[in-house]
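Numbering (our numbering), first residue to last: 16 to 185.
Below: one structure, written as structure tokens.
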Amino acid sequence: MALESADVIPIGIGELFATDQRNAELVAYGLGSCIGVVVHDRVARAGGMVHVLLPERLGTHELSDSPDGLLRYADTGVRELLNRVTGLGASRHHLVAKIAGGARMFQVPDELQILDIGARNAKAVRAVLDEVGVPLVAHDVGGTTGRTMRYLVGSGKVYVREPGMAEREL
């Protein structure tokens with residue numbers, strides 16, 4: 016896809032976009048318990064973003080088995096992001112990752128921490144990145160509010176903004 020100057024590409028839940036177009040700006044709006052994952056090759060100046068909803072794929076639900084449905088999960092979505100970015104010529108040796116989201120959107124009693132999807136999502140994303148050897152160089156996860164994540168492919172810069180707060184670089 017040929018992009019015009021400063022093309023903003025929204026990344027919705029269960030969506031992924033990988034590109035080597037340096038003028039691309041990828042944005043995940045309203046990350047609550049979801050996690051936005053960016054991987055960037057600082058040499059090739061290519062990268063991408065996936066917006067994951069849940070930590071892992073369970074069962075055989077039809078949506079889970081569709082190619083796009085797999086992007087909703089940290090265990091499969093992050094791996095697919097890596098595959099697509101390296102398919103553009105990026106090297107796993109040059110990749111770095113940045114993540115945002117994973118908020119606790121609802122109060123959960125201590126005995127029901129398994130329901131803290133945001134924390135579980137962050138843990139699952141970190142586990143996949145560790146397993147494949149991609150360093151996590153910046154993160155903004157947890158808390159109780161949603162946020163928006165913005166990735167500038169050409170520079171590799173990632174910005175996060177929470178409601179009522181100034182945007183900051185990760």
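Idealized CB from N, CA, C, for every residue including glycine.
Just so it is clear, the structure is predicted and the values come from calculations on it, not from any experiment.
Can you check DSSP and say which residues form a bridge with residue i?
i	result
Val52	Val65, Ile114
Ile24	Leu41
Arg154	Looking at the sequence itself, residue 154 is His, so the reference to Arg does not match. Answer is Ile114.
Please classify residue i as buried or exposed, where buried requires at least 16 neighbouring CB atoms within 10 angstroms.
i	result
Ala181	exposed
Asp131	buried
Leu110	buried
Pro70	buried
Leu31	buried
Gly51	buried
Gly133	buried
Gly148	exposed
His108	exposed
Leu86	buried
Gly102	exposed
Quick check on DSSP: helix, strand or coil for residue i?
i	result
Val93	helix
Thr163	strand
Ala139	helix
Val149	coil
Val100	helix
Ala33	strand
Arg183	strand
Arg119	coil
Arg176	strand
Leu46	strand
Gly169	coil
Nearer than 7 Å: is that true of the beta carbon of residue i relative to any heavy atom of the ligand COA?
i	result
Glu30	Among the components of this structure there are no ligands whatsoever, and the ligand COA is therefore not found.
Next on the checklist: Closer than 8 Å is the cut-off here; do at least three beta carbon pairs connect the region 60-70 with the region 31-43?
Outcome noted: Result yes; three or more Cβ-Cβ pairs closer than 8 Å.
Item to check | Touching by the beta-carbon criterion (3+ pairs, under 8 Å), the region 42-55 and the region 108-118 | outcome: Yes, the region 42-55 is in contact with the region 108-118.
Next on the checklist: Counting beta carbon pairs with one atom in the region 133-141 and one in the region 86-103, are three or more of them shorter than 8 Å?
Outcome noted: Yes: at least three Cβ pairs fall under 8 Å.
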